[in-house]
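First the structure, in the form of structure tokens, and then the observations on it.
There are 2 protein chains.
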Amino acid sequence: MDFRFEILETDPTGARLGRLTTPHGAVDTPAFMPVGTAGTVKGLTQQALVELGVQILLGNTYHLYLRPGHERIRGLGGLHRFMSWPGAILTDSGGFQVFSLAEMRKITDEGVVFRSHLDGSEHLLSPEKSIQIQQALGGDIAMVFDECIEYPADHARAAGAVKRTTEWARRCRDYAFAPKKAEQPNAEVNPGQILFGIVQGGTHSDLRRESARQLVDLDFPGYAVGGLAVGEPHELSCEMAATVTEILPKDRPRYVMGVGLPEQLADYVRCGTDMMDCVLPTRNARNGCLFTSAGRVNIKNAIYAGDPRPLDERCSCMVCRTYSRAYLRHLFQANEILASILNSHHNVAFFLDIMSKIRQAIAFGELAEFSSEFQARIAASET
Amino acid sequence: MDFRFEILETDPTGARLGRLTTPHGAVDTPAFMPVGTAGTVKGLTQQALVELGVQILLGNTYHLYLRPGHERIRGLGGLHRFMSWPGAILTDSGGFQVFSLAEMRKITDEGVVFRSHLDGSEHLLSPEKSIQIQQALGGDIAMVFDECIEYPADHARAAGAVKRTTEWARRCRDYAFAPKKAEQPNAEVNPGQILFGIVQGGTHSDLRRESARQLVDLDFPGYAVGGLAVGEPHELSCEMAATVTEILPKDRPRYVMGVGLPEQLADYVRCGTDMMDCVLPTRNARNGCLFTSAGRVNIKNAIYAGDPRPLDERCSCMVCRTYSRAYLRHLFQANEILASILNSHHNVAFFLDIMSKIRQAIAFGELAEFSSEFQARIAASET
Numbered sequence: 594m595d596f597r598f599e600i601l602e603t604d605p606t607g608a609r610l611g612r613l614t615t616p617h618g619a620v621d622t623p624a625f626m627p628v629g630t631a632g633t634v635k636g637l638t639q640q641a642l643v644e645l646g647v648q649i650l651l652g653n654t655y656h657l658y659l660r661p662g663h664e665r666i667r668g669l670g671g672l673h674r675f676m677s678w679p680g681a682i683l684t685d686s687g688g689f690q691v692f693s694l695a696e697m698r699k700i701t702d703e704g705v706v707f708r709s710h711l712d713g714s715e716h717l718l719s720p721e722k723s724i725q726i727q728q729a730l731g732g733d734i735a736m737v738f739d740e741c742i743e744y745p746a747d748h749a750r751a752a753g754a755v756k757r758t759t760e761w762a763r764r765c766r767d768y769a770f771a772p773k774k775a776e777q778p779n780a781e782v783n784p785g786q787i788l789f790g791i792v793q794g795g796t797h798s799d800l801r802r803e804s805a806r807q808l809v810d811l812d813f814p815g816y817a818v819g820g821l822a823v824g825e826p827h828e829l830s831c832e833m834a835a836t837v838t839e840i841l842p843k844d845r846p847r848y849v850m851g852v853g854l855p856e857q858l859a860d861y862v863r864c865g866t867d868m869m870d871c872v873l874p875t876r877n878a879r880n881g882c883l884f885t886s887a888g889r890v891n892i893k894n895a896i897y898a899g900d901p902r903p904l905d906e907r908c909s910c911m912v913c914r915t916y917s918r919a920y921l922r923h924l925f926q927a928n929e930i931l932a933s934i935l936n937s938h939h940n941v942a943f944f945l946d947i948m949s950k951i952r953q954a955i956a957f958g959e960l961a962e963f964s965s966e967f968q969a970r971i972a973a974s975e976t
Numbered sequence: 594m595d596f597r598f599e600i601l602e603t604d605p606t607g608a609r610l611g612r613l614t615t616p617h618g619a620v621d622t623p624a625f626m627p628v629g630t631a632g633t634v635k636g637l638t639q640q641a642l643v644e645l646g647v648q649i650l651l652g653n654t655y656h657l658y659l660r661p662g663h664e665r666i667r668g669l670g671g672l673h674r675f676m677s678w679p680g681a682i683l684t685d686s687g688g689f690q691v692f693s694l695a696e697m698r699k700i701t702d703e704g705v706v707f708r709s710h711l712d713g714s715e716h717l718l719s720p721e722k723s724i725q726i727q728q729a730l731g732g733d734i735a736m737v738f739d740e741c742i743e744y745p746a747d748h749a750r751a752a753g754a755v756k757r758t759t760e761w762a763r764r765c766r767d768y769a770f771a772p773k774k775a776e777q778p779n780a781e782v783n784p785g786q787i788l789f790g791i792v793q794g795g796t797h798s799d800l801r802r803e804s805a806r807q808l809v810d811l812d813f814p815g816y817a818v819g820g821l822a823v824g825e826p827h828e829l830s831c832e833m834a835a836t837v838t839e840i841l842p843k844d845r846p847r848y849v850m851g852v853g854l855p856e857q858l859a860d861y862v863r864c865g866t867d868m869m870d871c872v873l874p875t876r877n878a879r880n881g882c883l884f885t886s887a888g889r890v891n892i893k894n895a896i897y898a899g900d901p902r903p904l905d906e907r908c909s910c911m912v913c914r915t916y917s918r919a920y921l922r923h924l925f926q927a928n929e930i931l932a933s934i935l936n937s938h939h940n941v942a943f944f945l946d947i948m949s950k951i952r953q954a955i956a957f958g959e960l961a962e963f964s965s966e967f968q969a970r971i972a973a974s975e976t
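The listed protein sequences correspond, in order, to chains A and B. Under my numbering, residue 976 is the last one in the first sequence; the count climbs by one each step, no gaps. Under my numbering, residue 976 is the last one in the second sequence; the count climbs by one each step, no gaps.
And the structure:
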């Protein structure tokens, strides 16, 4: 068995310090996963990811399916080899993008018919198809195909999505672990690939609990909390995460999908979750919004034009060791590629550094203190 | 004296192996200088430039004057510190860009009145102003402000530009070496900065000789051949370069501005020149045109979609060591930032590698053989 999850320490808050062992190396948890949408974390070379200490990144099934195509990637040896990434990869199921990016045509129990946002072509994504694609990509962790709903969603709508998500999770599991037939196109790119279930239920505690219980019955080696950070208040988001982790088995990794802001990461960890991913560090970087220990910096602001200081004096990343705010502002104003490169590098470094400090705080049983100090510093700098 | 030029070997063809010592390190010659237009070589971090073995790069006076402004850069300690570049820098005079990019308003003996391509604002660039800007930037080598003409230009037009270029060169020299007055804004960013003259004369041998003789009389520590690679046949370009170098003093470095294609570099070296610069490697990279030892590769071509081989099997750069043609094609098709990063990295590596092989060939007295083998390989692969 290539996959292993150990819990090394537990903090009084409920936070867990752990280590996930995958076919592509170990991942210290709680872990932040940069998003490598189309087989690249936008603006960063794989060398930079290694330098940054990234141990696991997320690949998007929807994007890679549409371009360059999963069979293309399978033919080239899978996503790890295709993008020359030695570390671990988690692939999402495509569900979230189909519901948010594509033009949806029809949702049935079978799956979702949608039109590509690239060329308008029509496709069907079903539980079986999602697993088939993810097996071709060969990530270390695959995700079940779930029904993602909007916020707010009433109880009936959320209940429907829970029911369908559970049924789809069962079909994903059955398809993933069915004996491979000779004619089945799924040559095993990564025989060690495992599958996580996804808990839905909107902002309804009873449905979250029901969804979690149904997925636990299906016995996945890991569980995600989906459908959060879609517009609901942060406190409600944490409440849902905590509601779910109370039910999930303690010995399995827990992944909160699509979160969060720097000052929110510790909150999710305190809910007993182990993995997170978010496009914020790279997307905001490209827009000139930089995260620092003193809060947000909009680098195009004229006050930085002559500022010789590093972006974040408490940060030791390559960008903060090497370049000034004035230079970063100039690059952004001049629309230089290097602006995206350096801004993305710093923002990802900043998120990874928070996670590293969170892990250290858990080891010393001081996560609550870390959390309040961090939030106080952000609050002070933004007033 | 911070500046020194030694010739270590001479090849039977007339090529010279040398070493230029600058206030920011040594430069092995013949040298290729990547172009760092606006304080960044497009698509490459300064770390990547160091990794690539870049010893000197070119900064554009015109671009930096307009944005972020030379006084801004002076205030931040000069261009080296502004962009955190430890190696040598040569700044051009702004002449070429004023004549090619800006909307020109009026050329007089005083200088050129032009409108910025960024915002239409009106500016005067004169010999004195160009030196003033270049002193604020603090490059290791500054260039005189010259009159650049189009190709073809008749004898009378070219003769006029030679006359004005010589007069402007004298004014640049006088301004650069005049004792600084207290009210003069030119605090010395780089006291070791030297100034190269620029030979003009279009494609008229007699004018090229006349221009060279006039500039030699002004006694510059180095000389450039300007106004080439503007549309004339390559053979004519080499003929002009050779005509000029016959007259220039042997103990001074010679720089051919704005050249050239990979298969042309050795030709210029054989004309007895020591330095070159060109935007081709980075500009073409962004358009998906890659230079390889087997000729040009248009990476968006569908034949590369499933090609697992490195871009150039004879290249040992980071890109060719790490990524496949299929991945590079995917990145380009998906319009990913990483496409520009990797393509630029390879193309610059390729140009630097040619120069390194040229230096080695000179050391062994085998430049003619290197040259014909290289061109034969390109020709064979393109038929």
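Glycine included, each C-beta is placed from N, C-alpha and C at the ideal position. Predicted model, so just to flag it, every value in this text is computed and none were measured.
- Annotation: the continuous alpha helix (DSSP H) that includes B/Cys913 extends over 911-915.
- Contact annotation: A/Ala834 and A/Val849 have beta-carbon atoms nearer than 7 angstroms.
- Taking 9 angstroms as the Cβ-Cβ cut-off, the segment 913-927 of chain B approaches chain A at Thr915, Tyr916, Ser917, Ala919, Tyr920, Arg922, His923, Leu924, Gln926, Ala927, given in chain order.
- Fewer than three beta-carbon pairs drawn from the segment 904-912 of chain A and the segment 601-621 of chain B are found closer than 8 angstroms, and the two stretches are therefore not classed as touching.
- The straight-line gap separating the alpha-carbon atoms of A/Tyr658 and B/Leu945 is approximately 38 angstroms.
- Here B/Pro901 is exposed: its Cβ has fewer than 16 other Cβ atoms, across all protein chains shown, within 10 Å.
- Neighbours of B/Met626 in chain A, taken as residues at a C-beta separation under 7 angstroms, are lacking, since the least C-beta distance is about 18 angstroms.
- For B/Glu929, the C-beta contacts it makes with chain A under 7 angstroms involve Ala631, Thr633, Lys635, in order along the chain.
- By alpha-carbon distance to B/Glu743, the top candidate from B/Glu644, B/Met869, B/Gln793, B/His710 is B/Gln793.
- Contact of B/Pro679 with chain A is not assigned, every C-beta pair being separated by 7 angstroms or more.
- Residues of the segment 651-668 of chain B whose Cβ lies closer than 7 angstroms to any Cβ of chain A, in chain order: Arg660, Pro661, Arg665, Gly668.
- In this structure, DSSP gives A/Asp621 an extended state, which the three-state scheme calls strand.
- Looking only at A/Ser964, A/Val941, A/Gly899, the smallest Cα-Cα distance to B/Pro661 is reached by A/Gly899.
- In summary, B/Thr875 is buried, with 16 or more beta-carbon neighbours lying within 10 Å of its beta-carbon over all protein chains present.
- In the DSSP assignment, B/Asp860 falls within the unbroken alpha helix (DSSP H) covering 855-863.
- For A/Arg802, same chain residues with a beta-carbon under 7 angstroms away, outside a window of 5 residues either side, are Thr836, Ile840 in chain order.
- Taking a beta-carbon distance threshold of 7 angstroms, B/Ser933 counts as an interface residue toward chain A.
- The C-alpha of B/Gly820 lies about 41 angstroms from the C-alpha of A/Ile896.
- Comparing alpha-carbon positions, the option among B/Ser886, B/Asp702, B/Gly687 lying closest to B/Val755 turns out to be B/Asp702.
- For a Cβ distance threshold of 8 angstroms, residue set Pro661, Arg665 of chain A lies close to B/Ala898, ordered along the chain.
- Taking all protein chains in view, the Cβ of A/Gly670 is surrounded by fewer than 16 other Cβ atoms within 10 Å, so the residue is classified as exposed.
- Between the alpha carbons of A/Val941 and B/Ala746 lies a gap of roughly 54 angstroms.
- In the three-state DSSP reduction, A/Val809 falls in the helix class (H, G or I).
- If you look at B/Phe944, you'll find it in the alpha helix (DSSP H) that goes 930-956.
- With distances taken between CA atoms, A/Ser709 lies nearest to A/Ser693 out of A/Arg597, A/Ile724, A/Ser693, A/Gly853.
- Under a 10 Å Cβ-count criterion, B/Pro720 is classified as buried, with 16 or more other Cβ atoms of the shown protein chains found around its own Cβ.
- In this structure, the beta-carbon distance from B/Asp621 to B/Leu960 does not fall below 7 angstroms.
- Residues of chain A with a Cβ closer than 7 angstroms to the Cβ of B/Pro772 do not exist, since the nearest Cβ in that chain sits about 29 angstroms away.
- Residue environment: B/Arg766 is assigned as buried (16 or more neighbouring CB atoms within 10 Å of its CB, all protein chains considered).
- A direct Cα-Cα distance of roughly 8 angstroms separates A/Gly618 from A/Gln648.
- Nearest to B/Gly646 by alpha-carbon distance, out of B/Leu931, B/Phe957, B/Ser974, B/Ile947, is B/Ile947.
- Put simply, the backbone Cα of A/Leu651 is about 19 angstroms away from that of A/Glu664.
- Within the segment 711-750 of chain B, the complete alpha helix (DSSP H) segments at least 4 residues long are 720-730, listed from N- to C-terminus.
- Under a criterion of Cβ atoms nearer than 8 angstroms, the residues of chain A adjacent to B/Gln640 are, in order, Met911, Thr915.
- If the five residues before and after B/Leu829 are omitted, its C-beta is found closer than 8 angstroms to the C-beta atoms of Thr796, all from its own chain and listed in chain order.
- Less than 7 angstroms divides the Cβ of B/Ile930 from the Cβ of A/Lys635.
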